[in-house]
Each structure stands twice: as C-alpha cells, then as structure tokens.
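Asks: The listed protein sequences derive, respectively, from chains F and H.
Each number in the numbering used here corresponds to the 1-based position in the first sequence with 1 added.
Each number in the numbering used here corresponds to the 1-based position in the second sequence with 84 added.
Sharing a structure with you now.
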Amino acid sequence: MSDKKELKALQAALAAEHAAVYGYGVVGGRIHEGRRTEARSAYDAHRARRDALVREVRDLGGKPVAASAAYALPFPVPDSAAAVRLAAELEDRVAGVYSDLVRATGGERRRAAAEALREAAVRAVRWNGESVAFPGLAERAATASASQAPTA
Amino acid sequence: MPYPPPPRTPSGPRRRSLLASAAGAALLMGCSGGSGESEESTGGSMSVTHKARARAARDSAGLLGRYDAVITAHPAVAERLGPLRAEVVRHTEAFGGTVTKGSTGTASPSAPEASPSASVPATEKDALAELAAAERALADRRTTALLDVPGELARVLASVAAAGAAHAYLLTEGAK
C-alpha cells in the first residue's frame with residue numbers, strides 16, 4: 002500500500018469526521034432529552050477519532066484537512082425524529098470512509114479503521130433500529146433491503 | 085463547502101465502477117485487480133486470500149447454523165431473527181459460500197460447524213444471548229484476521245465484522 006493512497010484515505014476519513022462532529026452538533030440541539038446522552042457520547046467519540054486522524058495525517062507528513070465553518074445538511078432537521086435520522090446518516094457516511102481506510106492501510110492503522118467502522122455500524126443500528134448487511138460498502142448498499150438511509 | 089457526498093454517491097467513479105463490475109454473487113478477491121495493489125497479484129497472496137475467504141465463508145455458514153438451531157428450538161423468535169439471518173446468508177455468499185434455500189448453509193462439502201442439534205439454551209433469552217456472543221466472537225476474530233489479508237478482502241471482512249457487532253447489539257441491548 003502506498004503512502005500516498007494511505008494519506009488520501011486518512012484525509013477522507015478526517016473530512017468525514019469533521020462533518021460528523023458538525024452534524025452531531027445539530028443532532029444534539031434537536032434530539033429529545035431521552036437520547037441526548039447517547040448523542041453526546043457519539044459526538045465525543047467522533048471528536049476523539051477526528052483528533053487521532055489529525056495525528057495520523059501529521060505522522061505521514063501531511064497537512065490535516067480543516068473543518069469547514071458550516072456544512073449543508075443532507076435534509077432539514079427541524080425535530081427530534083429528523084435528528085435521529087441525521088445521526089444514522091452520519092454514521093453511515095463515516096462507515097464508508099473507514100472501510101476505504103481499512104483497504105488503504107495495514108497494521109495498527111487498519112485495525113483502528115476496522116474498529117471505527119464497527120463502532121459506526123453499531124451506532125447506526127442504535128439510531129435507526131435496523132442493520133444493513135454490509136456497513137460502509139457503498140457498492141453493496143443498493144441491494145440492502147433494510148437500508149433506511151435517506152437518499153440525499 | 086457542501087456537505088460531503090454520501091458514500092453511495094459515486095464520488096470515486098473509477099473505483100466504484102470497478103467494484104460494481106466485480107461485485108456479483110461473490111467478490112473475487114485479487115483476481116480482478118480490484119484495488120490495483122501489486123502485492124495482491126503474487127501467487128502467495130492469492131493463496132492467502134483464497135484460504136481467508138474459505139474460512140470466512142465457513143464461519144458465516146457456521147453462524148447460520150446457529151441461527152437455524154435457535155429458530156428451530158424457539159420458533160417465536162423466527163420473525164425477529166429473519167432479517168439478521170438473511171444478512172448472514174449474504175455474508176456467506178459474499179465469501180463464496182453457497183446457501184441452499186431453506187437449509188443451513190455450507191461453505192464446502194465438509195462444513196463442520198453446522199449442526200442444528202447442537203444444544204440451544206432452553207429459554208429464548210439465553211438462546212439470543214448465546215447467539216449474540218457468537219456474533220461478537222466472530223466479529224472479533226475477523227477484526228484480527230483482516231490484518232493478514234490483501235486490502236479489498238480486508239475491507240469486506242471489516243464490513244462483515246461491523247455487521248456482526250451490530251447484530252450482537254440488536255440481539256441483546258436492542259431486545260424488546
């Protein structure tokens with residue numbers, strides 16, 4: 002695996018984690034109280050992954066991609082139900098970049114990416130209550146019967 | 085800046101289309117040069133890939149056997165387990181295993197683990213807990229196994245391990 006590919010995949014993961022951190026900020030503001038703690042711990046988890054990825058990118062001699070000031074949400078989030086859908090969608094997207102990172106890396110980085118993918122998949126089912134057969138594999142998502150992810 | 089496109093949007097057309105063509109009933113690792121990594125085209129690596137896929141198919145088929153054993157012993161949970169079982173079937177097939185409709189899957193003529201008569205706990209709750217533990221243990225094994233295989237197979241193993249962990253969650257905490 003080339004360093005260049007690895008760096009590119011790390012940057013993509015970092016960009017997705019920036020977006021997830023932003024997105025969970027929105028989720029936290031809309032979600033009902035009963036699930037706020039869960040949203041908060043997901044937010045913290047994504048911040049931790051983001052910070053770890055910043056270090057990884059630097060270790061490989063790259064300049065970590067920065068977060069945007071704001072992101073266009075994939076759909077309006079006026080209430081708690083939409084916030085839950087957004088949270089599931091965020092996990093789905095993050096899973097996709099981590100599966101690519103698994104392929105592009107080896108050793109400890111690959112293991113960390115696989116664990117991040119696993120955590121994202123578990124959080125996704127916590128949010129939407131349904132599993133998908135191949136979390137993070139976009140090319141197999143089309144035939145996934147249980148997929149509830151909105152088509153953005 | 086726009087929100088990053090969802091992964092299922094073909095943001096990387098080159099790779100996506102390459103994979104789409106390789107994704108049939110079975111993804112033939114390393115044969116199509118799916119990830120274009122040179123080390124995957126060596127004979128030794130092919131054999132590692134072949135063995136790892138066979139193992140993964142066998143493991144999923146064995147898990148399928150456990151689902152079937154639980155469903156046989158506790159028919160009331162059949163509806164709840166149905167979607168999860170269907171995903172395990174897809175996992176088995178993705179690794180090249182075959183599943184005969186309505187019966188336990190076999191990854192090879194000598195699939196050893198599928199024995200529906202294997203003891204299933206007497207209560208539904210215990211049976212589901214045991215199934216969850218099996219899913220979790222397999223997900224753990226796969227998370228380790230994926231360190232020793234070429235990139236694309238590692239990617240699929242990571243995804244299937246993630247699905248297994250999600251199943252374990254649904255079988256336990258997600259219990260209604």
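Where is the CB? At the ideal position from N, CA and C, for every residue including glycine.
Along chain H, in chain order, which residues have C-beta atoms closer than 9 Å to that of residue 137 of chain F?
Replies: Along the first sequence, one-based indexing puts residue 137 of chain F at 136. By Cβ distance, chain H contributes 91, 239, 242, 243 and 246.
Asks: Going straight from the alpha carbon of residue 238 of chain H to that of residue 117 of chain F, what length do you get?
Replies: Counting from 1 along the second sequence, the entry for residue 238 of chain H is found at position 154. Counting from 1 along the first sequence, the entry for residue 117 of chain F is found at position 116. Going from the Cα of residue 238 of chain H to the Cα of residue 117 of chain F covers about 14 Å.
Asks: Once the 5 residues before and after residue 101 of chain F are set aside, which same chain residues still bring their CB inside 7 Å of it?
Replies: In the first sequence, counting from the first residue as 1, residue 101 of chain F sits at position 100. Answer for residue 101 of chain F: 10 and 13, listed in chain order.
Asks: What do you reckon, are the CB atoms on residue 211 of chain H and residue 157 of chain H nearer than 9 Å?
Replies: As a position in the second sequence, residue 211 of chain H is number 127, starting the count at 1. As a position in the second sequence, residue 157 of chain H is number 73, starting the count at 1. In this structure, residue 157 of chain H lies closer than 9 Å to residue 211 of chain H by Cβ.
Asks: Compare the C-beta of residue 30 of chain F against all C-beta atoms of chain H and say whether one is closer than 9 Å.
Replies: Indexing the first sequence from 1 puts residue 30 of chain F at position 29. Answer no: the Cβ-Cβ gap between residue 30 of chain F and chain H never drops below 9 Å.
Asks: Can you list, in chain order, the residues of its chain with a C-beta nearer than 7 Å to that of residue 137 of chain H? Leave out the 5 residues immediately preceding and following it.
Replies: For this step, residue 137 of chain H is matched to residue 53 along the second sequence. Excluding residues within five positions, the ones whose Cβ falls inside 7 Å are 113, 179, 180 and 237.
Asks: Taking DSSP as the reference, what is the three-state secondary structure of residue 106 of chain F?
Replies: Along the first sequence, one-based indexing puts residue 106 of chain F at 105. Coil at residue 106 of chain F, not helix or strand.
Asks: Taking C-beta to C-beta, are residue 161 of chain H and residue 208 of chain H nearer than 9 Å?
Replies: The residue you call residue 161 of chain H lines up with position 77 of the second sequence. The residue you call residue 208 of chain H lines up with position 124 of the second sequence. Yes, the pair counts as a contact, with Cβ atoms nearer than the cut-off.
Asks: Which same chain residues end up closer than 7 Å to residue 121 of chain H when comparing Cβ atoms and leaving out the 5 residues on each side of it in sequence?
Replies: Translated into positions along the second sequence, residue 121 of chain H becomes position 37. With a pLDDT of 42 at residue 121 of chain H, under the threshold of 50, the modelled position of this residue cannot be trusted; read the value that follows with caution. Excluding sequence neighbours, residue 121 of chain H sits near 234 and 235.
Asks: Return the residue from the list H:184, H:166, H:245 and H:169 that minimises the CA-CA distance to residue 114 of chain F.
Replies: By one-based count along the first sequence, residue 114 of chain F stands at place 113. It is H:245 whose Cα lies nearest to the Cα of residue 114 of chain F.
Asks: Would you call the CB atoms of residue 252 of chain H and residue 229 of chain H closer than 9 Å?
Replies: Numbered from its first residue, the second sequence carries residue 252 of chain H at position 168. Numbered from its first residue, the second sequence carries residue 229 of chain H at position 145. No, the pair does not count as a contact, with Cβ atoms beyond the cut-off.
Asks: With a threshold of 16 other CB atoms inside 10 Å of the CB of residue 243 of chain H, please say whether the residue is buried or exposed.
Replies: To locate residue 243 of chain H, count along the second sequence from 1; it is residue 159. With 16 or more other Cβ atoms within 10 Å, it is buried.
Asks: Straight-line CA distance for residue 240 of chain H to residue 55 of chain F?
Replies: Taking the second sequence and counting its residues from 1, the one referred to as residue 240 of chain H is at position 156. Taking the first sequence and counting its residues from 1, the one referred to as residue 55 of chain F is at position 54. Each residue's Cα considered, the two are about 25 Å apart.
Asks: Anything in chain H within Cβ reach of residue 27 of chain F, meaning under 9 Å, just list it in chain order.
Replies: Translated into positions along the first sequence, residue 27 of chain F becomes position 26. Result: empty, since nearest Cβ-Cβ is about 11 Å, beyond 9 Å.
Asks: Determine the chain A residues that contact residue 134 of chain H at a beta-carbon separation under 9 Å, and present them in chain order.
Replies: Note that chain A does not occur in the displayed structure, where the protein chains are F and H.
Asks: Alpha carbon to alpha carbon, what distance is there between residue 213 of chain H and residue 255 of chain H?
Replies: The residue you call residue 255 of chain H lines up with position 171 of the second sequence. The residue you call residue 213 of chain H lines up with position 129 of the second sequence. Whole-angstrom Cα-Cα distance: 7 Å.
Asks: Between the alpha carbons of residue 205 of chain H and residue 152 of chain H, how many angstroms are there, rounded?
Replies: Counting from one through the second sequence, the residue named residue 205 of chain H turns up at place 121. Counting from one through the second sequence, the residue named residue 152 of chain H turns up at place 68. When rounded, the distance between both Cα atoms is 13 Å.
Asks: Hey, how far is the Cα of residue 143 of chain H from the Cα of residue 224 of chain H?
Replies: Along the second sequence, one-based indexing puts residue 143 of chain H at 59. Along the second sequence, one-based indexing puts residue 224 of chain H at 140. Whole-angstrom Cα-Cα distance: 12 Å.
Asks: Mind pulling the chain F residues with CB within less than 8 Å of residue 223 of chain H?
Replies: Here the question's residue 223 of chain H lines up with position 139 in the second sequence. In chain order: 119.
Asks: The alpha helix (DSSP H) that contains residue 255 of chain H, what's its start and end?
Replies: Indexing the second sequence from 1 puts residue 255 of chain H at position 171. Per DSSP, residue 255 of chain H belongs to the alpha helix (DSSP H) from 235–255.
Asks: Mind pulling the chain H residues with CB within less than 8 Å of residue 105 of chain F?
Replies: The residue labelled residue 105 of chain F in the question sits at position 104 within the first sequence. Chain H residues near residue 105 of chain F: 235.
Asks: As a quick exercise: from F:137, F:136, F:63 and F:107, pick the residue whose alpha carbon is nearest that of residue 8 of chain F.
Replies: As a first step, residue 8 of chain F must be located in the first sequence, where it is residue number 7. Of F:137, F:136, F:63 and F:107, the residue nearest in Cα terms is F:63.
Asks: Just tell me which of F:22, F:27, F:99 and F:105 has its CA closest to the CA of residue 80 of chain F.
Replies: The residue given as residue 80 of chain F occupies position 79 in the first sequence. That would be F:27, whose Cα lies nearest to the Cα of residue 80 of chain F.
Asks: Determine whether the Cβ of residue 116 of chain F lies closer than 9 Å to any Cβ atom of chain H.
Replies: Here residue 116 of chain F refers to the residue found at position 115 when the first sequence is read from its first residue. Yes - at least one Cβ of chain H is within 9 Å of the one on residue 116 of chain F.
Asks: What does a CB cutoff of less than 8 Å around residue 37 of chain F pick up in its chain, not counting 5 residues either side in sequence?
Replies: In the first sequence, residue 37 of chain F corresponds to position 36, counting from 1. Same-chain partners within the cutoff: 29.
Asks: Note the first and the last residue of the continuous alpha helix (DSSP H) segment covering residue 231 of chain H.
Replies: Here residue 231 of chain H refers to the residue found at position 147 of the second sequence. Where residue 231 of chain H is concerned, there is no enclosing alpha helix (DSSP H), given that its DSSP letter is neither H nor E.
Asks: Ends of the alpha helix (DSSP H) at residue 14 of chain F?
Replies: Counting from one through the first sequence, the residue named residue 14 of chain F turns up at place 13. It spans 4–31 - the alpha helix (DSSP H) in which residue 14 of chain F sits, taken as one unbroken run.
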